[in-house]
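Numbering (our numbering), first residue to last: 90 to 503.
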């Protein structure tokens, strides 16, 4: 019987996390401490209580899943808290051999008084850079025995928001009382895109991408076309939450109207029954064309297995129903991600282990999936630098496999 990849080996392997929300990935102890400091009424004052009441293994529905963000965001309304959480997040990732992260969040949720979007970005990037500097001064990194740790920020616009979400969002409704909600959402995303460009071009911050999150149904990505065009013109990476709670049409909008380089989730990429546009007569042909386009253009799918199980009822009992296997069969570029380390109670080691067991990933296939995360990253540096860094990661990965008796050299994914 062939030897299988163990959890111990998975923990040793270099991993990336391209789809992970900062406000969903705090340490429980930090949340409790910041809750006391900022007088946020948490449902429990103990980690055990919060795990029982808020951050569960299984959720009834998406609203229950999102409930925890009310508490985490409320505790992240100043520079010190944001910097601390970003710093701790990097160390938590590196301790399980995650060598690259692109942490995403909605800066406009954290604006308060004179603490503006630009200040939010500076605070988070300061935490990332502090952790990165400490991690990369380790002797084994300097000696080239392990790859350097790298990190970037993806700013996240929202498809939908209410005045209660933050004072920044409330200001839009107050300033534009006669505007439609769609107009307000579009203006907020355009402002965020401008802030992202400023962060890169004037402040030199490692903001590497632009994202759109939130409920897909009724809030189409094409409403944010102007923001994405600006991000595109300034060479930011583009990713869109799409195909998570809507069908292939949502993915089509992401790759056409928003120039998406990557798709967050893409769970219903293959689903004919999730197509709601009545003008699409031949659903099979429509899906086939989108799948071929996504695969051919190497538009990477950011797959979050645990999160999908928690928010999509039909996947809870049988992860084998997840389209991850179909994505790989179609030769799509696929990478595994956590989505939210705290809210989903997961790690990258957990996500990879789930994929290995549920889909029978053999060592060479696992290597391909892992390396996609590094190759398709919005790496905050020049292309020659990125190639050299990915090569160092790949060498380290192949060496880790070899220590367990697996020779996975050669057969590079394109």
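In this text, a Cβ means the ideal position worked out from N, Cα and C, and glycines have one as well.
Note that this is a predicted model, so its numbers are computed, not measured.
Please report the distance separating the alpha-carbon of residue i from that of residue j.
i: residue 104; j: residue 189; result: 7 Å
i: residue 228; j: residue 221; result: 14 Å
i: residue 35; j: residue 102; result: Past the boundaries of the shown model lies residue 35; the chain is included only from 90 to 503, so the question cannot be answered.
i: residue 268; j: residue 308; result: 16 Å
i: residue 260; j: residue 410; result: 43 Å
i: residue 264; j: residue 276; result: 12 Å
i: residue 335; j: residue 125; result: 39 Å
i: residue 162; j: residue 378; result: 40 Å
i: residue 164; j: residue 129; result: 7 Å
i: residue 495; j: residue 463; result: 21 Å
i: residue 461; j: residue 368; result: 35 Å
i: residue 474; j: residue 226; result: 18 Å
i: residue 262; j: residue 273; result: 7 Å
i: residue 90; j: residue 346; result: Because residue 90 carries a pLDDT of 40, less than 50, the predicted location of this residue cannot be relied on, and no value is offered for it.
i: residue 337; j: residue 417; result: 17 Å
i: residue 386; j: residue 472; result: 18 Å
i: residue 109; j: residue 121; result: 21 Å
According to DSSP, what are the bridge partners of residue i?
i: residue 438; result: Answer by DSSP bridge pairing: none, since residue 438 is not bridged.
i: residue 240; result: 190
i: residue 389; result: 351
i: residue 247; result: 302
i: residue 106; result: 190
i: residue 496; result: DSSP, once it has assigned bridges, lists no residue as partnering residue 496.
i: residue 445; result: Partner(s): none; residue 445 has no beta bridge.
i: residue 358; result: Residue 358 is not bridged to any residue.
i: residue 425; result: 392
Between residue i and residue j, is the Cβ-Cβ spacing less than 8 Å?
i: residue 321; j: residue 278; result: no
i: residue 430; j: residue 170; result: no
i: residue 258; j: residue 266; result: no
i: residue 481; j: residue 295; result: no
i: residue 331; j: residue 343; result: yes
i: residue 297; j: residue 325; result: yes
i: residue 207; j: residue 285; result: no
i: residue 363; j: residue 397; result: no
i: residue 299; j: residue 243; result: yes
i: residue 256; j: residue 200; result: yes
i: residue 248; j: residue 305; result: yes
i: residue 442; j: residue 99; result: yes
i: residue 413; j: residue 448; result: yes
i: residue 356; j: residue 151; result: no
i: residue 157; j: residue 191; result: no
i: residue 487; j: residue 479; result: no
Would you mind giving the Cβ-Cβ distance between residue i and residue j, rounded to the nearest angstrom? I have them listed as a contact below 8 Å.
i: residue 112; j: residue 194; result: 6 Å
i: residue 224; j: residue 183; result: 5 Å
i: residue 210; j: residue 288; result: 5 Å
i: residue 383; j: residue 425; result: About 17 Å separates the two Cβ atoms, so there is no contact after all.
i: residue 349; j: residue 327; result: 5 Å
i: residue 181; j: residue 204; result: No, residue 181 and residue 204 are not in contact; Cβ-Cβ is about 25 Å, not under 8 Å.
With a threshold of 8 Å between beta carbons, is residue i in contact with chain B?
i: residue 246; result: As a matter of chain content, chain B is missing from the structure shown, which is built from one protein chain.
Exercise. What are the start and end residues of each continuous alpha helix (DSSP H) run of 4 or more residues lying completely inside the segment 290-338, in chain order?
Worked result: 314-322
Exercise. In chain order, which continuous runs of the alpha helix (DSSP H) of length 4 or greater are located wholly inside the segment 123-184?
Worked result: 136-142, 151-163 and 168-183
For this session: Report the residue ranges of all beta strand (DSSP E) runs contained in full by the segment 186-224; include only those spanning at least 3 residues, in chain order.
Result: 187-194
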